[in-house]
Amino acid sequence: MHKMLEEIKTMEVAVCLWDELPVGLGRAFQIHNRVIALFRTRKGELYAADNRCPHKGGPLSEGMITGGTVVCPLHSFHFDLTDGSCDQAGQCSVVVYPCRLEDQSVIVELPVE
Ligand code: FES
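The sequence shown begins at 11 in the working numbering and counts up one residue at a time.
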């Protein structure tokens with residue numbers, strides 16, 4: 011019968027190649043109506059989060075990465091890239107997205123709107 015659109019909650023997007031991500035830094039990508047920051051740590055971990063800092067909109071892709079944490083370049087709040095949590099009491103988390111490598115492609119799972 012009719013397929014319910016509500017069943018489709020996420021989509022996987024091949025964003026770039028692993029080698030296109032700078033080591034130890036972030037890089038922003040526009041995907042549909044979102045700007046996503048991808049981070050490749052020096053240890054070879056991959057993280058995806060909204061590029062916009064939930065505090066006052068700083069570009070997280072330009073922040074410093076320390077372990078699995080990004081430091082916002084505007085006011086130095088720290089965001090844990092595993093769950094998006096912020097080190098400042100009462101501050102909103104940043105949205106993080108499931109991501110993985112498939113062959114050399116970086117795949118990010120995004121909500122369907
Ligand atoms: S805008 Fe990111 S900490 Fe203020």
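Every residue, glycine too, gets a C-beta built ideally from N, C-alpha and C.
Checking the 6 angstroms criterion, the Cβ of H85 is within range of a heavy atom belonging to ligand 1. Your pair L111 and L56 checks out as a contact, with CB atoms roughly 6 angstroms apart and the cut at 8 angstroms. If you check the CB distance, T76 and D90 do not come in under 7 angstroms.
As DSSP reads the structure, T79 sits in a beta bridge with T76, D90. Taken atom to atom, the span from the alpha-carbon of N43 to that of K53 is near 30 angstroms. Less than 7 angstroms divides the Cβ of S71 from the Cβ of R37.
With fewer than 16 other Cβ atoms inside 10 Å of its own Cβ, A99 counts as exposed. Nearest Cα to C82 within the set C102, V45, H65: H65. Under a 10 Å Cβ-count criterion, V33 is classified as exposed, with fewer than 16 other Cβ atoms of the shown protein chains found around its own Cβ. Straight-line spacing of the CA atoms in E119 and P69 works out to 21 angstroms.
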